[in-house]
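If you read the protein sequences in the order shown, they are chains C and Y. Residue numbering for the first sequence follows my numbering, beginning at 140 and increasing consecutively. Residue numbering for the second sequence follows my numbering, beginning at 23 and increasing consecutively. All residues carry an ideal CB built from backbone N, CA and C; glycine is no exception. Keep in mind the model is a prediction, meaning the values are calculated, not measured.
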Amino acid sequence: MRLSELRPGERARVRALKLEGPLRRRLRDLGLVEGAELRCLGRSPLGDPSAYALCGAVLALRRADCSRIEVEAEEWSGS
Amino acid sequence: MERIVALAGNPNVGKSTLFNQLTGLRQHTGNWAGKTVETARGRCGDYLLTDLPGCCSLLPRSEEERVARDFLLRGGAEAVILVCDAGRLRRDLNLALQCRELCPRVLVCVNLLDEAERRGVRVDCGKLSEELGLPVIGIVARRRESRTRLLSALDSLFAEAPRSPRSPPYPTELEAALSHLEPLAAGEALPGRFLCLRLLAGETLPASAALREAAARERAALGWNEELLEDAVTSALLREAERIARAAVRGTGEGGSARDRLLDCLLTGRLLALPALLLLLLGLLYLTVRGANLPSAWLGEGLAALGALLRRGFAALDAPGWLTGLLLDGAYGSLSLVVSVMLPPMAIFFPLFTLLEDAGVLPRVAYDLDRPFRGCGSCGKQSLCMMMGLGCNAVGVTGCRIIEGRRERLLAVLTNALTPCNGRFPLLIALLSLFFAPAGSLGAAGLLCLVLLGSLGMSFAATWLLSRSLLRGEAAPFVLELPPYRRPQVGKLLLRSLLDRTARVLGRAEAVAAPAGALLWLLGQVEIGNGSLLTVCAGALNPLGRFFGLDGAILLAFLLGLPANETVLPILLGIYTAGGGLTEAGSLAQLGAVLTQQGWTGTTALCVVIFTVLHWPCSTTLLTVKKETGQWRWAALAAALPTALGLGLCAVVAAIGRIIG
Chain C
140 MRLSELRPGE
150 RARVRALKLE
160 GPLRRRLRDL
170 GLVEGAELRC
180 LGRSPLGDPS
190 AYALCGAVLA
200 LRRADCSRIE
210 VEAEEWSGS
Chain Y
23 MERIVALAGN
33 PNVGKSTLFN
43 QLTGLRQHTG
53 NWAGKTVETA
63 RGRCGDYLLT
73 DLPGCCSLLP
83 RSEEERVARD
93 FLLRGGAEAV
103 ILVCDAGRLR
113 RDLNLALQCR
123 ELCPRVLVCV
133 NLLDEAERRG
143 VRVDCGKLSE
153 ELGLPVIGIV
163 ARRRESRTRL
173 LSALDSLFAE
183 APRSPRSPPY
193 PTELEAALSH
203 LEPLAAGEAL
213 PGRFLCLRLL
223 AGETLPASAA
233 LREAAARERA
243 ALGWNEELLE
253 DAVTSALLRE
263 AERIARAAVR
273 GTGEGGSARD
283 RLLDCLLTGR
293 LLALPALLLL
303 LLGLLYLTVR
313 GANLPSAWLG
323 EGLAALGALL
333 RRGFAALDAP
343 GWLTGLLLDG
353 AYGSLSLVVS
363 VMLPPMAIFF
373 PLFTLLEDAG
383 VLPRVAYDLD
393 RPFRGCGSCG
403 KQSLCMMMGL
413 GCNAVGVTGC
423 RIIEGRRERL
433 LAVLTNALTP
443 CNGRFPLLIA
453 LLSLFFAPAG
463 SLGAAGLLCL
473 VLLGSLGMSF
483 AATWLLSRSL
493 LRGEAAPFVL
503 ELPPYRRPQV
513 GKLLLRSLLD
523 RTARVLGRAE
533 AVAAPAGALL
543 WLLGQVEIGN
553 GSLLTVCAGA
563 LNPLGRFFGL
573 DGAILLAFLL
583 GLPANETVLP
593 ILLGIYTAGG
603 GLTEAGSLAQ
613 LGAVLTQQGW
623 TGTTALCVVI
633 FTVLHWPCST
643 TLLTVKKETG
653 QWRWAALAAA
663 LPTALGLGLC
673 AVVAAIGRII
683 G
């Protein structure tokens, strides 16, 4: 599935970044690489962008950009 | 001998706070990524510290990162203090590993340990140091004892021999290519492995011809394009960072503390966020309006009494009339008006706003408002620049560097002056309190809030217009970091901000308002034809001014107030009372009397309010626009755009006013 489809509270693992150019680099620098784990924390009051927890930080990303990031949803492990 | 030490780290890890603690300087700090956009230098013992702008990587993507890397490569830094945030060490280690590859002396400073602990994250600094192969100390930058600990760590860093740069393990193909190249790089100025890697990635860096040729050959043999290579490098760095973090860090701190979640619910929740932000703004303005009222009156009375005393003194000394006029009616009158009417609101609003900034509220505003800004062709970070513009438009324009896309950055630069700065705020408050609502009332705060919302609306409109005409283009990608909330050091912050702001306003008043007052008095004395120079000029502008619901004197005051918006009001009064004194007009009530006497109506006041928000920015801001964009035409546009909007709106209001009559 795509990162943009991840609902608030759900977790996922990144499978592929189908992005190129500056955004791809920026996201990789911030730790968003294949295999990284992230969680959707919520959406902005007007529905877009959404906030994601990644590597201990919180990033806000737009839906348009998130729809080009492939992820695999994960069950909440509880730990 | 002085040793140059660079302070590097990801954005918003507390570099500037640490820098201030170490050097005793007062760089502005705030709880959001991108607050520091320029390098600052300061002394600390035997060390000359340079505070670099925050960067996530030394593979330069943005201007700030280029600045940071170039400084590390060629700035003469003998050591790097790498500041990390304990709460997001996984990510910050990425940069630490890159520094380790580049610099022989790196001290890793794990900051914000207390905050991380509250979120359930524990860092084992000893283990971290072992895994990284670099000295590590844990600190809380805000605490004073951090200084001594850090200094002694620096001393021992310089006491030991420099370590040879180390890299994480890269994929075998890449390692093979590097092993062919590295022997050739022995005599180079830059660290060998780093240089070879960058040359392989196709970057042009100073290197011998032989090395460059060999690198080109290896690059061709490897057959990786730039993206593949960058991916391999960043993946290797992140894997290594992950491995180290797993060994040295307990807990993820994900989602923040319960307090953070509650605040997020309030400030970014679906239903609550926008009303909550509006209430916050209203509250802030109410405190400003209400709080400024009393000191304003006291200062007005005090300064008027002092003026009367001075006048008697001048009379007792038999001072010539022109001297009394120049100094008392001119300089002193203008100065006391700035101090009594302009200073209190500035000295209250700005420190309060700094509190919000320190707590981490501002990036949430950018998060909430991204969507409407995107609708206008821009991005939510523009709201951060606008909020900086509330303090000073020149600062707001410089702050636009946080916006990555060139087109979006220009949009934010050009529209920044539509947000009324602290120099215009008090004028708005004075006019609203005189004509529309009792001074210091909730009504006055509400009206001011409406004016600000109006200016936000105009910013949206102007951004929309520009992005559909001059600055068309694709939306640049948007990544915004939301920092954890921090409890600001309220007392210290308020006091410092208050003193800073007061000193700044007084300094400007002394440098600009007093001379302007004296000059105005002089111009008021120069008789040409049937009046003074001032009245003649104001008279000439009058028909134009009237059309826009203003008058000649108002237009002239705004024109002469170009160097500093704070001086518009004293200049206006100077013109109205040309030849007479204005020492009497120290308080709000007296100000009102003068304005009514000049035939001001509610419509006039409304038009002046509009024109105060929407006119050319001050000369400092215009120069900053030129500096940031590199072209005068953008500065001209930054002046023309708000002026056109303001005059248009004033003409409409004036026309309606005439009809209702």
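Contact defined as beta carbons within less than 8 Å: I believe Ala263(Y) pairs with Leu119(Y). What is the distance between those atoms, to the nearest angstrom? Yes, they are in contact, since the Cβ atoms of Ala263(Y) and Leu119(Y) sit about 6 Å apart, within 8 Å.
Strictly under 9 Å for the Cβ-Cβ distance: is Ala199(C) near chain Y by that measure? yes
Asn415(Y), DSSP secondary structure in three states: helix
Relative to chain Y, which residues along the stretch 179–196 of chain C have a C-beta separation below 9 Å, given in chain order? Answer in chain order: Leu180, Gly181, Arg182, Ser183, Pro184, Leu185, Gly186, Asp187, Pro188, Ala190, Ala192, Leu193, Cys194, Gly195, Ala196.
Go ahead and pull the three-state DSSP assignment for Ser189(Y). Correct three-state label for Ser189(Y): coil.
Taking Cβ-Cβ distances shorter than 9 Å, what residues in chain C pair up with Glu503(Y)? Those within 9 Å of Glu503(Y) in chain C are Leu169, Ala196, Val197, Leu198, Ala199.
Taking only beta-carbon positions, decide if Phe500(Y) is within less than 9 Å of chain C. yes
Per DSSP, Asp351(Y) forms a beta bridge with which residues? Beta-bridge partners of Asp351(Y) (DSSP): none assigned.
Just verifying my parser: in three-state terms, what is the DSSP assignment at Gly553(Y)? Under the three-state reduction of DSSP output, Gly553(Y) falls in the strand class.
Considering only residues of the stretch 209–254 of chain Y, which uninterrupted alpha helix (DSSP H) runs meet the minimum length of 4 residues and lie entirely inside it, listed in chain order? 214–222, 231–244
Is it true that the CB of Val27(Y) sits closer than 9 Å to the CB of Val105(Y)? Remark: C-beta atoms of Val105(Y) and Val27(Y) do not approach each other more closely than 9 Å.
Listed by chain order, chain C residues near Arg83(Y) by CB distance under 9 Å: Pro161, Arg164, Arg165, Asp168
If you measure from the beta carbon of Pro394(Y) to each beta carbon in chain C, is any gap under 9 Å? yes
When you compare only the Cα positions, how much space is there between Leu293(Y) and Ala30(Y)? 39 Å
Once you ignore the five residues that flank Tyr192(Y) on each side, which residues in its own chain have a CB closer than 6 Å to its CB? Ala258
When you compare the CB positions of Phe375(Y) and Leu412(Y), do they come within less than 9 Å of one another, or not? yes
Neighbour list for Ala295(Y) in chain C, Cβ cutoff strictly below 7 Å: Pro184
For Asp168(C), three-class secondary structure by DSSP: helix
Between which two residues does the alpha helix (DSSP H) containing Ala175(C) stretch? No alpha helix (DSSP H) holds Ala175(C); DSSP gives it neither H nor E.
Just to confirm the assignment, what range does the alpha helix (DSSP H) spanning Val630(Y) have? 624–635
Do Leu156(Y) and Val128(Y) count as a contact pair if the criterion is CB distance below 9 Å? Yes.
Within chain Y, the residues that Val172(C) reaches when beta carbons sit closer than 7 Å: Under the 7 Å cutoff, chain Y gives Thr256, Ser257, Leu260.
Within this structure, are the beta carbons of Arg110(Y) and Cys194(C) separated by less than 9 Å? Yes, Cβ-Cβ distance for Arg110(Y) and Cys194(C) is below 9 Å.
Looking only at C-alpha atoms, which of Gly148(C), Gly174(C), Arg182(C) sits nearest to Arg154(C)? Measuring from the Cα of Arg154(C), the nearest candidate turns out to be Gly174(C).
If we require 3 or more residues per run, which beta strand (DSSP E) segments fall completely within the stretch 38–84 of chain Y? 62–66, 69–73
List the residues of chain C that Gly291(Y) touches, going by C-beta distances under 9 Å, in chain order. Gly181, Pro184
Beta carbon of Leu307(Y) nearer than 9 Å to that of Val387(Y): no
With distance defined between alpha-carbon atoms, name the residue in Glu588(Y), Ala269(Y), Tyr507(Y) nearest to Val145(Y). Ala269(Y)
Classify Met140(C): buried if its beta carbon has 16 or more other beta carbons within 10 angstroms, exposed otherwise. Residue burial is scored here from C-beta neighbours: Met140(C) has fewer than 16 other C-beta atoms within 10 angstroms and is therefore classed as exposed.
Assigned exposure category for Leu566(Y) - 16 Cβ within 10 Å defines buried: Exposed.
In whole angstroms, give me the CA-to-CA distance for Ala459(Y) and Ala369(Y). Rounded to the nearest angstrom, the two C-alpha atoms are 22 Å apart.
Alpha-carbon to alpha-carbon, Ala611(Y) and Leu456(Y): Rounded to the nearest angstrom, the gap between the Cα atoms of Leu456(Y) and Ala611(Y) is 8 Å.
Tell me whether Thr605(Y) sits in a helix, a strand or coil according to DSSP, three-state version. Bear in mind that the predicted position of Thr605(Y) carries a pLDDT of just 47, short of 50, making it unreliable; the figure below should be weighed with that in mind. It is helical.
In chain order, what residues of the same chain lie with their CB nearer than 7 Å to the CB of Ala223(Y), ignoring the 5 residues before and after it? Glu248, Leu251, Glu252
Taking all protein chains shown into account, decide if Arg165(Y) is buried (16 or more other Cβ within 10 angstroms of its Cβ) or exposed. exposed
Pull up the distance between the alpha-carbon of Cys147(Y) and that of Gly170(C), whole angstroms please. 22 Å
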